[in-house]
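Heads up: the sequence shown is residues -24 to -1, 1 to 187, going by mature numbering (1 follows the signal peptide of the UniProt record, and there is no 0).
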Amino acid sequence: MSRIYSLSLCFSLCSLSLFSFSLSVFQMHQWDVSLFSVTPAAALLSRCVSRGAVSQVSKISSHVSCRLLQVQLEVELLKEEKKSADVTHTFHLTRRFHMLQMFCGHLQELLKDQNSLRQRLMRPLGRTNLPVQAHLHRSVVEVVKMLLDFIETLEEKLDSVHSCTTTRDRLTQLNTSLAQLLAQVAEVQSLSNQVLQWKEVVSSLQSDTSA
């Protein structure tokens, strides 16, 4: 459709330029005739026109100017029609009307099946039974077992991940307990050395008293 509008616009512009050219040729022809064939009546009329007694109006030029104005108006109308072609032209309007009719028909079908559609939407999906063919029953049982194993291993992995933080805390507690134990061992060792020294002193005193 845009090509049709473009062609009509070009045709109008060509006709406009043709009329302008014909007007200029006509005026040049009048000028040539007035130069080379001057009659006494023409001289009298030219004097009257120069003094303002009469006015010179060309019927053909006025007709051409009216035609030019008409062509200009047609060009403007074609431009405006091209701008609003997607809204006003019947080709686009029929397509949109057809799409609107299809949409209305779809809505009417939905309204007819409103009750069944509402029941299907309100029905819980967990209680629906899925049909399984007979030769697939064994595979379904195996898949269920694999699913249970997967859930069990997943729980173990999650427990191990959660216990990582508690393991770190326990390691820190074990390190502190080991440090405390080493300190107590050093203290016990010093006490044992003191006891041994005290025994030696006591034994030496007893030997001195016996002598």
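Glycine is no exception: its CB is placed at the ideal position from the N, C-alpha and C atoms.
Please read these numbers as outputs of a predicted model, since none were measured by experiment.
Glutamate 56 and histidine 74 have their C-alpha atoms roughly 26 Å apart. For aspartate 184, the uninterrupted alpha helix (DSSP H) run begins and ends at 113 to 186, by DSSP. A residue is called buried when at least 16 other Cβ atoms come within 10 angstroms of its Cβ; valine 47 meets this threshold and is buried. For arginine 72, the enclosing alpha helix (DSSP H) begins and ends at 66 to 88. Per the coordinates, the alpha-carbon of alanine 159 lies some 21 Å from the alpha-carbon of aspartate 145.
Contact annotation, leucine 86 with leucine 93: C-beta distance approximately 7 Å; criterion of less than 8 Å satisfied. In this structure, the alpha-carbon of histidine 39 lies about 20 Å from that of glutamate 52. The three-state reading of DSSP puts arginine 99 in coil, since its state is none of H, G, I, E or B. A straight-line Cα-Cα distance of about 27 Å links serine 41 and lysine 59. DSSP places valine 51 in the helix class (H, G or I) of the three-state scheme.
Rounded to whole angstroms, the Cβ separation of valine 108 and valine 116 is 6 Å, and the two are in contact under 8 Å. Between the alpha carbons of threonine 70 and arginine 96 lies a distance of about 37 Å. If you draw a straight line from the Cα of glutamate 163 to the Cα of valine 137, it is about 40 Å long.
A direct Cα-to-Cα measurement between methionine 122 and methionine 98 gives close to 32 Å.
For glutamine 109, the three-state secondary structure derived from DSSP is coil.
Rounded to whole angstroms, serine 153 and serine 166 show a C-alpha spacing of 20 Å.
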